[in-house]
Amino acid sequence: MVCVNRRDLGLLALRVGTGAVLAAHGSQKLAGWFGGGGIQGTTAAMEAMGFHPPKHSAVAAGLGEAGGGVLLALGLATPAAGAAAAGAMAGAVAVHAPAGFFAQGGGYEYPAFLGFTAAAIGLTGPGRYSVDHATCHVFDRPWMVALAFAGSAVAAAAVVGRRAKGQADQEREES
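61 is the number that this note's numbering gives to position 77 of the sequence shown; each next residue is one higher, with no gaps.
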């Protein structure tokens, strides 16, 4: 009789579901799949939202979502994957925050949920049904968790801070 660990099965479902959603959103930004704007459209959107430089911001957001999503789904380099996706979602939260919490009003509920879920997976680990487990956690060491999340937090804070400064500068110029 085979014993299936419910925790590992739950982590697999959570990883694959969250990773697939993130990968789909990232592929919209990078390749224009699923009705997305691709790099060109995402660059224009990033510029309109106040992210500078807009093309670098578009690529970073797309890679954080698509790359982080694929790696989460596979359970590969899980700390880095969770941190990358959470960092990308931090930028989305900053954009949607002025509209409040709930998504139906344009709020940050959805990107916050994806970001917190990705972070939780990165912190918890991928479980047994993962590439990390199959490779003896070569890319999932305890020190990698701290490094990945610290790096992601610093990068997200820099990007969001640069956007806020640019918006403040623009408001001063307009007044």
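Virtual Cβ for every residue (Gly too), placed ideally from N, Cα, C.
Since this is a predicted model, take the numbers as computed values, not measurements.
task: Let me know the secondary structure DSSP gives V(-14) once reduced to three states.
output: In the structure shown, V(-14) sits in coil (DSSP, three-state: anything other than H, G, I, E or B).
message: Suppose contacts are defined by Cβ-Cβ distances below 8 Å. Is K13 in contact with G19 by that definition?
response: no
Rounded distance between the beta-carbons of V115 and L160, thought under 8 Å: Only positions -15 to 159 of the chain appear in the structure, and residue 160 is not among them; the question remains open.
Candidates G89, T108, E157 and A96, of which the one nearest V61 by Cα: Note that residue 61 is Ala in the sequence shown, not Val. Answer by Cα proximity: T108.
Selected residue, minimal CA-CA separation from A141, among A28, Y92, A15 and F35: F35
message: Mapping the DSSP letters down to three states, classify H121 as helix, strand or coil.
response: coil
query: Between the beta-carbon of A102 and the beta-carbon of L56, is there less than 8 Å?
result: yes
field: For M73, the nearest candidate out of A96, A83 and G135 (CA to CA)
entry: A96
- request: Could you tell me how far apart the beta carbons of G53 and G89 are, in whole angstroms, since I believe they sit closer than 8 Å?
  value: Not really, about 26 Å apart at Cβ, beyond 8 Å.
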